[in-house]
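Residue numbers for the sequence shown follow the working numbering, beginning at 150 and rising by one.
The block underneath contains the structure these notes are about, expressed in structure tokens.
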Amino acid sequence: MRIKFLPEDERPVEKALSAGIESLSNAELLALILHTGFGEVSAIHLGEEILSVTDGGLKGLGRASIEELMNVKGVGRSKACAVAGAVELGKRIASAQARYAGNIESAESVADMFMEELRYKQKEYFKCLLVDAKGKIIFCDEVSVGDLSGAVVHPREVFSQAVRKSASAVILVHNHPSGDPSPSSEDIRTTERLAESGRVLGIKVLDHVIIGDGRYISMGGAGLMD
């Protein structure tokens, strides 16, 4: 049934205006983004179809590519880009809420900064948080982006911005596309090498936080750093 034939209080726009945007179901929210369905299929039913074909429903939507969305019947380039754009905007909003706010208090606060940005990534991203003598974040440097097997990290790339911006310390952050944040032997070796390089430069490596899918591990907290 097309949306225009639904009772007024069941139409996504009218429902959002009368009961609040939070009252809408996931499919109804997607209907707002899609705007129209196709043929006799409403935008709501098209939203339901998108959620049914993504791996894990709404969670899977966070991983879906534009090409995967276009495989859904009735979803062309414009609709696929609109949905992907809304998902990306949501990730950035969630990431920005905690980012660079005040001092670093814990590994959990670092994980909160990056969880929504990195948990769905299919490549490994390695980032470096620059911290001043008072523990305040100066800058976040994206050091490298790797493939599914990992990101190549060199000390000169990690510490170049830290030296330029006179950082007192750094916190290393990277994600595991597998979703399991358990440190690999290579993670441990890389952290040891970077910590030693930092000692030479007089820049302390405070921690290395590994982001998984909804989970994280602090290598410092786990006793895997000197």
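The beta-carbon is built from N, C-alpha and C at its ideal position, and this holds for glycine as well.
Only a predicted model underlies this, so the values are computations on that prediction, with no experimental measurement involved.
By a C-beta neighbour count over all protein chains shown, 10 Å radius and 16 as the cutoff for buried, is residue 164 buried or exposed?
On the sequence shown, position 15 is the one that residue 164 refers to. If you draw a 10 Å sphere on the C-beta of residue 164, you find 16 or more other C-beta atoms in it, and that means buried.
When DSSP labels each residue in this structure, what does residue 279 get in the three-state scheme?
One-based indexing of the sequence shown puts residue 279 at position 130. In the structure shown, residue 279 sits in a strand (DSSP, three-state: E or B).
Taking the CB atoms as reference points, tell me whether residue 269 and residue 211 lie closer together than 7 Å.
Here residue 269 is taken as the residue at index 120 of the sequence shown, counted from 1. Here residue 211 is taken as the residue at index 62 of the sequence shown, counted from 1. Cβ distance < 7 Å, so residue 269 and residue 211 count as in contact.
Unbroken alpha helix (DSSP H) runs of length 4 or more, entirely within the region 192-249: which are they?
192-202, 207-210, 215-219 and 226-247
Measure the beta-carbon distance from residue 183 to residue 196 and round it to whole angstroms, keeping in mind my assumption that it falls under 8 Å.
Here the question's residue 183 lines up with position 34 in the sequence shown. Here the question's residue 196 lines up with position 47 in the sequence shown. Contact flag correct, Cβ pair sits at about 6 Å.
For residue 154, which residues from the same chain have a beta carbon less than 8 Å from its beta carbon, with the 5 sequence-adjacent residues on both sides left out?
The residue labelled residue 154 in the question sits at position 5 within the sequence shown. Here the model assigns residue 154 a pLDDT of 49, short of 50, so the residue's position is not dependable and the matter cannot be decided.
Short Cβ contact (7 Å threshold) for residue 177 with residue 199:
Walking along the sequence shown from the start, residue 177 turns up at place 28. Walking along the sequence shown from the start, residue 199 turns up at place 50. Result no, Cβ atoms of residue 177 and residue 199 do not sit closer than 7 Å.
Just to confirm, are residue 285 and residue 252 a CB contact at a threshold of 7 Å?
Locating residue 285 in the sequence shown gives position 136, where the first residue counts as 1. Locating residue 252 in the sequence shown gives position 103, where the first residue counts as 1. Taking 7 Å as the Cβ cut-off, residue 285 and residue 252 qualify as a contacting pair.
Spatial neighbours of residue 257 within its chain, please: CB distance less than 7 Å, with the 5 preceding and 5 following residues excluded, ordered by chain position.
Numbered from 1 along the sequence shown, position 108 holds the residue referred to as residue 257. None.
Simplified DSSP assignment, three categories, for residue 295:
Translated into the one-based positions of the sequence shown, residue 295 becomes position 146. Residue state, collapsed to three classes: coil.
For residue 253, the three-state DSSP class (helix, strand or coil)
Within the sequence shown, the letter at position 104 stands for residue 253. Coil, per DSSP.
Residues bridged to residue 286 (per DSSP):
Sequence index remark: in the sequence shown, residue 286 carries index 137 (1-based). According to DSSP, which records beta bridges pairwise, residue 286 is partnered with 280.
Can you name, in chain order, every residue of its own chain whose Cβ lies under 6 Å from the Cβ of residue 180, other than the five neighbours on each side?
Translated into positions along the sequence shown, residue 180 becomes position 31. Excluding residues within five positions, the ones whose Cβ falls inside 6 Å are 161, 192, 193 and 196.
Please report how far the alpha carbon of residue 189 lies from the alpha carbon of residue 223, in whole angstroms.
Within the sequence shown, the letter at position 40 stands for residue 189. Within the sequence shown, the letter at position 74 stands for residue 223. Computed Cα separation, rounded: 11 Å.
Taking 7 Å as the cut-off, decide whether the C-beta atoms of residue 370 and residue 328 are in contact.
The residue labelled residue 370 in the question sits at position 221 within the sequence shown. The residue labelled residue 328 in the question sits at position 179 within the sequence shown. Result no, Cβ atoms of residue 370 and residue 328 do not sit closer than 7 Å.
Compare the C-alpha of residue 366 against each of 234, 209, 263 and 187 and name the closest.
Here residue 366 corresponds to residue number 217 of the sequence shown, with the count starting at 1. When only C-alpha atoms are compared, the closest one is 263.
Report back the beta-carbon spacing between residue 288 and residue 346 to the nearest angstrom; my notes put them in contact at under 8 Å.
Numbered from 1 along the sequence shown, position 139 holds the residue referred to as residue 288. Numbered from 1 along the sequence shown, position 197 holds the residue referred to as residue 346. Going by Cβ atoms, the distance from residue 288 to residue 346 rounds to 18 Å, so no, they are not a contact pair.
In chain order, what residues of the same chain have a beta carbon less than 8 Å from the beta carbon of residue 380, not counting five sequence neighbours either side?
Because the chain is modelled from 150 through 375, residue 380 falls outside the range shown and cannot be assessed.
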